[in-house]
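Undergrad:
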Amino acid sequence: MYTQGLDLVSGGGKPEAPKSEEEARLEAEFQKKIDAEIRIEPTDWMPEGYRRTLIRQISQHAHSEIVGMLPEGNWVTRAPTLRRKAILLAKIQDEAGHGLYLYSACETLGVDRHELYEQLLAGKAKYSSIFNYPTLTWADIGIIGWLVDGAAIMNQVPLQRCSYGPYARAMIRICKEESFHQRQGYELCMALAEGSPEQRRMLQDALDRWWWPILMMFGPPDKDSWHTAQSMKWKIKRFTNDELRQKFVDAVVPQAERLGLRIPDPHLRWNPERGHYDFGEVPWDEFWRVIKGDGPCNRQRLEQRRRAWEEGRWVREAALAHAEKRRRRQSEAA
Ligand code: BYC
107 MYTQGLDLVS GGGKPEAPKS EEEARLEAEF QKKIDAEIRI EPTDWMPEGY
157 RRTLIRQISQ HAHSEIVGML PEGNWVTRAP TLRRKAILLA KIQDEAGHGL
207 YLYSACETLG VDRHELYEQL LAGKAKYSSI FNYPTLTWAD IGIIGWLVDG
257 AAIMNQVPLQ RCSYGPYARA MIRICKEESF HQRQGYELCM ALAEGSPEQR
307 RMLQDALDRW WWPILMMFGP PDKDSWHTAQ SMKWKIKRFT NDELRQKFVD
357 AVVPQAERLG LRIPDPHLRW NPERGHYDFG EVPWDEFWRV IKGDGPCNRQ
407 RLEQRRRAWE EGRWVREAAL AHAEKRRRRQ SEAA
């Protein structure tokens, strides 16, 4: 039971059948607001399916940020220079911050972050498939910055225009920081690409291992995506999974060429008629296996998060005791 769907708050993106005329009227008004690009705020009426879809997506996103700290954390003590170590630490801290904004945005929908967190630790909640792969060499850190964060930006820039206000606003700050992450990753890759033959080999090997899992980050092909149609109608998503995947491939192929790297896809070629790169079939069997809990690192990632939760217990308890003491002192003084 690792990274299974959210049993408690999932429910998918399907709108529920209107229960009454009043509810049908509210839903029609709600859709009118969405169509007119008016933001939905926490105190506004919203269909239950909209609320559940947002809780699912935002909480999966928050979980991805904090699980995403683990593969990089693996390299903090082994970063090759003090400068690289400082950059990596700052990036990982940013990711913790992104998790916090996102859990907060999710709480505006009436769910408690502890409930969401318990679902993650129980193996019931999903997080991005990409973080179930190991970081074997230092080059993996460059590839994560350049391409994993690059894919994240491609997906998240449109989320700044998501119809739900708190999520859209959280994404503005997150995107600014992600774009710094992406550039530091590319700069790290440039240093390796301009280095020794061994460093270039290490970089190519990292790209070979990460390429297909990164294309999976955008989600299943549109024909197998069960949430996209409804999420597009509600303007939670602005592009489909396949559209974003194509934009990403088009953007990164020239960047790989600039680094002297070969994309590990024999079917990759520019199609002048479409004005896009054609590319081969993503190994979707692997994607479904990983999100059902059977990727290379699923078990390890959840064990690490559970350990961190246990080891941080005394900090949470001390903070609560301190808050309680202050509250008591203030009420005694009043
Ligand atoms: N991994 O109907 P679909 C980061 C699930 S953090 C796992 O297309 P949707 C970073 C999907 O949940 C990056 N599961 O779904 C952090 C659904 O299952 P459920 C995280 C996936 O929601 C630290 C089922 O497959 N970004 O970049 O319309 C360091 C069918 O999919 C994945 C976000 O979370 C996946 N890759 O579209 C560095 C962005 N893909 O829930 C970097 C926000 C799909 O019904 N999320 N599934 O059980 C989204 O934009 C959308 O949720 C997705 C999926 C495009 C990911």
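Under the numbering used here, think of the first position of the sequence shown as 107, with each following residue one higher.
Glycine included, each C-beta is placed from N, C-alpha and C at the ideal position.
#1: Look at the Cβ atom of Val-388, then the Cβ atom of Leu-321, and state whether they are nearer than 9 Å.
#2: In three-state terms, what does DSSP make of Tyr-443?
#3: Which whole-angstrom value describes the C-beta separation of Met-296 and Thr-243, a residue pair presumed to lie in contact below a C-beta threshold of 8 Å?
#4: So the candidates are Ile-278, Cys-268, Asp-356; which of them puts its Cα closest to the Cα of Asp-141?
#5: In the DSSP assignment, the beta strand (DSSP E) including Asp-384 goes from what residue to what residue?
#6: Considering just the uninterrupted stretch of the alpha helix (DSSP H) at Arg-375, what are its terminal residues?
#7: My parser needs the alpha helix (DSSP H) runs of 4 or more residues fully inside the stretch 280 to 326; what are they?
#8: Among the residues of its own chain, which have a CB less than 7 Å from the CB of Gln-262, if the five just before and after it don't count?
#9: Using a threshold of 8 Å, is the CB atom of Pro-326 nearer than that to any non-hydrogen atom of the ligand BYC?
#10: If you reduce the DSSP assignment to three classes, tell me which class Ile-164 lands in.
#11: Consider the C-beta atom of Trp-332 and the heavy atoms of the ligand BYC; say whether any pair is separated by less than 8 Å.
#12: Report the residue ranges of all alpha helix (DSSP H) runs contained in full by the stretch 224 to 270; include only those spanning at least 4 residues, in chain order.
#13: Looking at chain B, is there any beta carbon in it that lies within less than 9 Å of the beta carbon of Lys-343?
#14: Consider the C-beta atom of Met-175 and the heavy atoms of the ligand BYC; say whether any pair is separated by less than 8 Å.
#15: Taking the alpha-carbon of Trp-394 as reference, which of Gln-163, Pro-327, Trp-317, Leu-188 has the nearest alpha-carbon?
#16: Please confirm whether Glu-147 and Pro-272 have their CB atoms less than 9 Å apart.
#17: Which residues bound the alpha helix (DSSP H) around Phe-345?
#18: What do you get for Gly-118, buried or exposed, if any count of 16 or more other CB atoms within 10 angstroms of its CB means buried?
#19: Return the residue from the list Arg-364, Ala-362, Gly-366, Gly-386 that minimises the CA-CA distance to Pro-372.
#20: When the Cα atoms are used, what is the spatial distance from Arg-158 to Leu-222?
#21: Taking the CB atoms as reference points, tell me whether Trp-318 and Pro-370 lie closer together than 9 Å.
#22: Using the C-alpha atoms, what's the distance from Tyr-209 back to His-167?
TA: According to the structure shown:
#1: Cβ distance < 9 Å, so Val-388 and Leu-321 count as in contact.
#2: Because the chain here runs from 107 to 440, residue 443 falls outside it and cannot be looked at.
#3: So it is not a contact: roughly 16 Å between Cβ atoms.
#4: Selected option, being the one with the closest Cα: Cys-268.
#5: Counting along the chain, the unbroken beta strand (DSSP E) around Asp-384 starts and ends at 382 to 384.
#6: Annotation for Arg-375: no alpha helix (DSSP H) segment contains it, though the beta strand (DSSP E) segment containing it runs 375 to 377.
#7: Fully enclosed alpha helix (DSSP H) runs of 4 or longer: 303 to 322.
#8: Cβ within range, chain order: Met-277, Ile-280, Cys-281, Glu-284.
#9: In this structure, the C-beta of Pro-326 approaches the ligand BYC to less than 8 Å from one of its heavy atoms.
#10: Residue state, collapsed to three classes: helix.
#11: Correct: Trp-332 has its Cβ closer than 8 Å to the ligand BYC.
#12: Correct list: 244 to 249, 255 to 262.
#13: Absent from the structure is chain B; it holds one protein chain and no more.
#14: Yes - the ligand BYC has a heavy atom lying nearer than 8 Å to the Cβ of Met-175.
#15: Measuring from the Cα of Trp-394, the nearest candidate turns out to be Pro-327.
#16: Remark: C-beta atoms of Glu-147 and Pro-272 approach each other more closely than 9 Å.
#17: Counted as a single uninterrupted DSSP element, the stretch harbouring Phe-345 is not any alpha helix (DSSP H), since DSSP gives it neither H nor E.
#18: Low local confidence applies: a pLDDT of 46 at Gly-118 is under 50, so the model's placement there is unreliable, with the coordinate-based value given in what follows. That one is exposed.
#19: Ranking the options by Cα distance to Pro-372, first place goes to Gly-386.
#20: A direct Cα-Cα distance of roughly 13 Å separates Arg-158 from Leu-222.
#21: Taking 9 Å as the Cβ cut-off, Trp-318 and Pro-370 qualify as a contacting pair.
#22: Near 9 Å, if we compare the C-alpha coordinates of Tyr-209 and His-167.
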